[in-house]
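Colleague: One structure, as structure tokens, below. Some questions next.
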Amino acid sequence: MVGWIYLCGVSSIIFVFSIFFFVFREGAPFLRDRFDFKEFFFSPEWYPNSDLNKRYGALALILGTASVTLFAMLIAVPFGLGAAIFISEFCAGKFKEALKITIEILAAIPSVVWGFIGLMVMSPLIIWATGAPVGLNVLNGGIVVALMSLPVIVSISEDALKAVPDTFREAALALGATRWQVIYKVLLPAAKNGLLAAALLGVGRAVGETMAVYMTTGHSVNIPFDSRFPLFHPLQSVRTLTATIAAELGEAPHLHPDPSGNYPPEAHHYQVLFVIGILLFAITFAINLTADLVVKGIRRKG
Amino acid sequence: MEPFSNAYSLETKGLNLWYGDFQALRDISARIRGGIITGLIGPSGCGKTTFLRCFNRINERYGNVSTSGEIRVLGKNIYEPDVCLQELRKSVGMVFQRPNPLPLSVYENVVFGLRIHSPWGSLPKAELDAAVEEALREVFLWDGLKDRLDTPATALQLEQQQKLCIARLLPLKPRVILMDEPCSALDAEGTKAIEDLMDSLRGRYTMLIVTHNMAQARRVTEECIYMLNGVLVEHASTEDLFLYPKDERTEAYIQGRYG
Chain A
5 MVGWIYLCGV
15 SSIIFVFSIF
25 FFVFREGAPF
35 LRDRFDFKEF
45 FFSPEWYPNS
55 DLNKRYGALA
65 LILGTASVTL
75 FAMLIAVPFG
85 LGAAIFISEF
95 CAGKFKEALK
105 ITIEILAAIP
115 SVVWGFIGLM
125 VMSPLIIWAT
135 GAPVGLNVLN
145 GGIVVALMSL
155 PVIVSISEDA
165 LKAVPDTFRE
175 AALALGATRW
185 QVIYKVLLPA
195 AKNGLLAAAL
205 LGVGRAVGET
215 MAVYMTTGHS
225 VNIPFDSRFP
235 LFHPLQSVRT
245 LTATIAAELG
255 EAPHLHPDPS
265 GNYPPEAHHY
275 QVLFVIGILL
285 FAITFAINLT
295 ADLVVKGIRR
305 KG
Chain B
4 MEPFSNAYSL
14 ETKGLNLWYG
24 DFQALRDISA
34 RIRGGIITGL
44 IGPSGCGKTT
54 FLRCFNRINE
64 RYGNVSTSGE
74 IRVLGKNIYE
84 PDVCLQELRK
94 SVGMVFQRPN
104 PLPLSVYENV
114 VFGLRIHSPW
124 GSLPKAELDA
134 AVEEALREVF
144 LWDGLKDRLD
154 TPATALQLEQ
164 QQKLCIARLL
174 PLKPRVILMD
184 EPCSALDAEG
194 TKAIEDLMDS
204 LRGRYTMLIV
214 THNMAQARRV
224 TEECIYMLNG
234 VLVEHASTED
244 LFLYPKDERT
254 EAYIQGRYG
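These protein sequence lines are chains A and B, in that order. Mapping of the first sequence onto our numbering: residues 5 to 306, in sequence order. Mapping of the second sequence onto our numbering: residues 4 to 262, in sequence order.
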């Protein structure tokens, strides 16, 4: 019996390592035979299917993910923080409960439904409002991903604000602070680690999101800058790392090596998708680890 | 600081207070004299803390509180519509049961009140420095802390924290200081230190202190109010209340037969 419980307990560790092992094993031949650091990270030329000249530059995909994530966070972090402050400091009783439950429901909406909304509702709206030729772009994907990462940002931020002892609020109020002064002079500084962790987890959510992003960003390999928009152009279509894996894995042939252990060039497409998987893994792992350390920081001090 | 012009700093007339359906204060009429220390005593749950928390209207934090009757602070009815809650709390400071310094440095704790009551950037550094030194000297913390004003206030010993909580009221020049069992989290030494501090502030502030410690009430207060079940039973000079209680309920409590 104890053995079973032990197994249940450590299963998550087993799963994580198994997944990492599997992804790494599939991507390893590419890393060994074909991987070129400069090409992968600095070239926007993604032509894994070209007959004559296969190129594996992931820069455009990385920037696609980065621009959607950045845009989503520009919306979701202030909005989520505002929502958390409202829930924790300005409302009580039934209304508070109703809001929290609604936000949980927001988290439960399937990714593909969000994609559907982006495709059918937001896209025509964006074309109408901005005159862009295509409604599937960074703006569309960013808004959808912002809405998808809101629940995690709101709930973690609210936990962080709730964890601030009430005596701090009372002390500041008794000195004659207004409600807003209590919030920005006492609560936000006291909860800053938790709030930072909330934002980081939102970033992790945005980087990893696949289906909704696949459906709403236009799926064209494109660097979303031009001379007028040096940061990124929200009305350009992009393709993200995650969407690339989802779209191409089904059509990339899974080939086996010849007896001497060498893979045919056509095999690299399948493998490079797993290298992208490793990259995503590394990004989300780093974000989660940072968020974790940041949260631990609170406990040590508190 | 000018002397207390009107004899009574805090007055209530027919004060009732309810938490939802529960009536915590019943028809309390009290007049608390300026410049002295008045103690609020009575068994747990008798409403002394609730009564104390009426005078800076901090009771209203909880949505289900309703009051009737009149409360006057320095002659001014604090329920009049033109009363600014922030200004009221500036002149009526409060010290809590557990020391609750803000999670800021010692220095920032002391100047917190000044900062929130002045427009941003309007306070010269020299003025703040002077206010910190004056307030910390007043509570006997300056010599011990002058070289570490930037340490987090939450890292101080409890006794120092409670003194700091008193010090941070002083730059706002309050006329009234409300204290809710300020020594209950402290040991005997800490209690003595806080009592000495209260003694040194005597005469310059009207102090109202809730205490469970009868010996403390006798040591530091000039007048005492005995409360029971939300009713003000007896208000007299400390000596009279402890030696010649008029009400037999007070007598039962004083002699330790009740509460």
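C-beta atoms are modelled at their ideal positions from N, C-alpha and C, and glycine is treated no differently.
Starting from the beta carbon of Leu105 (chain B), find every residue of chain A whose beta carbon is closer than 7 Å, and list them in chain order.
Modeller: Per Cβ cutoff of 7 Å: Phe172, Ala175, Ala176, Val190.
Colleague: Output the distance between the C-alpha atoms of Ser241 (chain A) and Gly222 (chain A), rounded to the nearest integer angstrom.
Modeller: Approximately 5 Å, taken between the alpha carbons.
Colleague: Using a C-beta to C-beta distance shorter than 7 Å, which residues of chain A count as neighbours of Asn59 (chain B)?
Modeller: Per Cβ cutoff of 7 Å: Ala178.
Colleague: Near Ala136 (chain A), which residues of its chain fall below 7 Å by C-beta distance, leaving aside the five closest residues on each side in sequence?
Modeller: Here the set comprises Ile130, Leu239.
Colleague: Which runs of the alpha helix (DSSP H) at least 4 residues long sit entirely within the stretch 116 to 202 of chain B? Give them in chain order.
Modeller: Correct list: 128 to 141, 145 to 148, 161 to 170.
Colleague: Using a Cβ cut-off of 8 Å (strictly closer), state whether Thr69 (chain A) contacts chain B.
Modeller: No, Thr69 (chain A) does not count as interfacial toward chain B.
Colleague: Just list the residues that DSSP pairs Tyr82 (chain B) with in beta bridges.
Modeller: Note: Tyr82 (chain B) sits in no beta bridge, so no partner.
Colleague: Which same chain residues, not among the five before or five after Pro128 (chain A), have their C-beta less than 8 Å away from its C-beta?
Modeller: Gly139.
Colleague: Ala102 (chain A) CB to nearest chain B CB: under 8 Å?
Modeller: Not closer than 8 Å to any Cβ of chain B, the Cβ of Ala102 (chain A) fails to qualify, so no.
Colleague: Label Arg183 (chain A) either buried or exposed according to how many other C-beta atoms from any shown protein chain fall within 10 Å of its C-beta, with 16 as the threshold for buried.
Modeller: Result: exposed.
Colleague: On a Cα-Cα basis, can you pick out the residue from A:Gly208, A:Gly97, A:Pro268, A:Ala295 that is closest to Leu2 (chain A)?
Modeller: Since the first residue shown for chain A is 5 and the last is 306, residue 2 (chain A) is missing from the structure and cannot be characterised.
Colleague: Using 8 Å for Cβ pairs, my map puts Pro102 (chain B) next to Cys168 (chain B). What's the rounded Cβ distance?
Modeller: Right, the Cβ-Cβ distance comes to about 5 Å (below 8 Å), so this counts as a contact.
Colleague: Does the Cβ of Val20 (chain A) have 16 or more other Cβ atoms within 10 Å, making it buried, or fewer, making it exposed?
Modeller: Under this definition Val20 (chain A) is an exposed residue.
Colleague: Select from the stretch 67 to 101 of chain B all residues with a C-beta closer than 8 Å to any C-beta belonging to chain A, and list them in chain order.
Modeller: Listed in sequence order: Leu88, Gln89, Glu90, Leu91, Arg92, Lys93, Gly96, Met97, Phe99, Arg101.
Colleague: Who are the Cβ neighbours of Cys57 (chain B) in its own chain at under 8 Å, not counting the five residues just before and after it?
Modeller: Within the same chain, Cys57 (chain B) has close Cβ partners Thr15, Leu18, Leu20, Leu28, Thr70, Ile74.
Colleague: State yes or no: is the beta carbon of Ala181 (chain A) nearer than 8 Å to at least one beta carbon in chain B?
Modeller: With 8 Å as the cut-off, Ala181 (chain A) counts as an interface residue toward chain B.
Colleague: Looking at chain A, is there any beta carbon in it that lies within less than 8 Å of the beta carbon of Ile119 (chain B)?
Modeller: So, interface residue.
Colleague: Give the interface partners of Ala167 (chain A) over in chain B, defined as CB-CB distance under 8 Å, in chain order.
Modeller: Per Cβ cutoff of 8 Å: no residues; Ala167 (chain A) is ~12 Å from chain B at best.
Colleague: Evaluate Arg173 (chain A) with the Cβ neighbour count: other Cβ atoms within 10 Å of its Cβ, from every protein chain shown; 16 or more gives buried, anything less gives exposed.
Modeller: Answer is buried; the Cβ neighbour count reaches 16.
Colleague: Would you mind working out which of B:Leu204, B:Ala33, B:Met210 sits nearest Leu139 (chain B), comparing C-alpha positions?
Modeller: Residue B:Leu204 is the option with its Cα nearest to Leu139 (chain B).
Colleague: Does the separation of the CB atoms of Phe34 (chain A) and Val276 (chain A) fall below 8 Å?
Modeller: Taking 8 Å as the Cβ cut-off, Phe34 (chain A) and Val276 (chain A) qualify as a contacting pair.
Colleague: Kindly identify the DSSP beta-bridge partner or partners of Asn19 (chain B).
Modeller: Paired residues: B:Ser71.
Colleague: Which whole-angstrom value is the C-beta distance of Val298 (chain A) and Thr73 (chain A), which I expect to be below 8 Å?
Modeller: Val298 (chain A) to Thr73 (chain A), Cβ: 18 Å. No contact.
Colleague: Would you check whether the ligand NAP has a heavy atom nearer than 7 Å to the C-beta of Ile228 (chain B)?
Modeller: Ligands in the displayed structure: none, and consequently the ligand NAP is not present.
Colleague: Return no unless some Cβ of chain B is closer than 8 Å to the Cβ of Pro114 (chain A).
Modeller: Not closer than 8 Å to any Cβ of chain B, the Cβ of Pro114 (chain A) fails to qualify, so no.
Colleague: Below 6 Å CB to CB, which residues in the same chain sit around Leu103 (chain A) once its five sequence neighbours on both sides are set aside?
Modeller: Excluding residues within five positions, the ones whose Cβ falls inside 6 Å are Ile91.
Colleague: Which same chain residues, not among the five before or five after Ile187 (chain A), have their C-beta less than 7 Å away from its C-beta?
Modeller: Here the set comprises Ile89, Glu93.
Colleague: Check the DSSP bridge columns for Gly42 (chain B) and list the partner residues they point to.
Modeller: Gly42 (chain B) is bridged to B:Ile212, B:Cys227.
Colleague: Which residues mark the beginning and the end of the beta strand (DSSP E) in which Phe25 (chain B) is found?
Modeller: Segment 25 to 36, the beta strand (DSSP E) holding Phe25 (chain B).
Colleague: Can you tell me where the beta strand (DSSP E) holding Leu235 (chain B) begins and where it ends?
Modeller: It spans 234 to 240 - the beta strand (DSSP E) in which Leu235 (chain B) sits, taken as one unbroken run.
Colleague: Using a Cβ-Cβ cut-off of 7 Å (strictly less than) and excluding sequence neighbours within five positions of Arg60 (chain B), which residues of its own chain qualify?
Modeller: So the qualifying residues of the chain are Ile81, Leu88, Leu91.
Colleague: Would you mind sorting Ile280 (chain A) into buried or exposed? The rule is 16 or more other CB atoms within 10 Å of its CB.
Modeller: Flag for Ile280 (chain A) reads buried.
Colleague: Quick one: grab the DSSP three-state call for Leu13 (chain B).
Modeller: In this structure, Leu13 (chain B) counts as strand in the three-state DSSP scheme.
Colleague: For my contact list, Ala76 (chain A) and Ser153 (chain A) are in at a C-beta cut-off of 8 Å; report their separation, rounded to the angstrom.
Modeller: Yes, they are in contact, since the Cβ atoms of Ala76 (chain A) and Ser153 (chain A) sit about 6 Å apart, within 8 Å.
Colleague: Straight-line CA distance for Ala87 (chain A) to Pro155 (chain A)?
Modeller: Answer to the nearest angstrom: the Cα atoms are 10 Å apart.
Colleague: Looking at the secondary structure, which residues open and close the alpha helix (DSSP H) in which Ile84 (chain A) lies?
Modeller: The residue you asked about is not Ile; residue 84 (chain A) is Gly in the sequence shown. Gly84 (chain A) -> alpha helix (DSSP H) spans 63 to 89.
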